[in-house]
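Below: one structure, written as C-alpha cells.
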Amino acid sequence: MGSFLVTGANGDIGEAAGRILKEAYPDAGLFGADLGDQWPACVTFDEVHRLPSGTSPDYAEALKELADRLNANAVFPMTEPELTALANEPAPANGLPLIMIAPGLLTT
7 MGSFLVTGAN GDIGEAAGRI LKEAYPDAGL FGADLGDQWP ACVTFDEVHR LPSGTSPDYA
67 EALKELADRL NANAVFPMTE PELTALANEP APANGLPLIM IAPGLLTT
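Count along the sequence shown starting at 1, add 6, and that's the number in my numbering.
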C-alpha cells in the first residue's frame with residue numbers, strides 16, 4: 007500500500023487527519039511528526055518522529071530526510087508555519103510528495 011507522513015501530529019488537525027487516513031487506508035504505514043513529545047499522537051500513528059519547528063531554517067531539509075527515510079508516498083503538512091515554509095521552498099520542497107494547499111493561495 008505505501009505510507010503517509012502527517013506533521014503536527016499532536017495537534018487536533020494532525021490527529022484528525024491521522025484517524026481519517028488510518029480508517030481509509032488500514033494497511034498503509036501511518037507516521038506522525040511533531041516538534042513535541044510522542045503523546046497523544048502515539049495513540050493514532052504507528053510511529054511518531056520529532057521535527058524542528060516550521061519556522062526553523064532546518065525544517066524543510068529535516069522533513070525531506072524523514073520522508074525519504076520512511077519512504078512516505080504522501081506528506082501532509084498541517085501547521086501554518088510548516089505550510090508557509092514549504093510554500094516558500096523552491097521546486098515544491100525539493101521533490102517531497104506534498105498534499106497541501108497551493109502555495110499561491112497562502113498569504114505569507
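For glycine and all other residues, C-beta sits at the position ideal for the given N, C-alpha and C.
Just so it is clear, the structure is predicted and the values come from calculations on it, not from any experiment.
query	result
Starting from residue 95, trace the alpha helix (DSSP H) in both directions and tell me its first and last residue.	Counting along the chain, residue 95 falls outside any alpha helix (DSSP H), and DSSP gives it neither H nor E.
Under a three-way DSSP split, which group does residue 39 fall into?	strand
In whole angstroms, give me the CA-to-CA distance for residue 25 and residue 33.	13 Å
In this structure, does DSSP put residue 57 in helix, strand or coil?	coil
Would you call residue 40 buried or exposed, if buried means 16 or more other Cβ atoms sit within 10 Å of its Cβ?	buried
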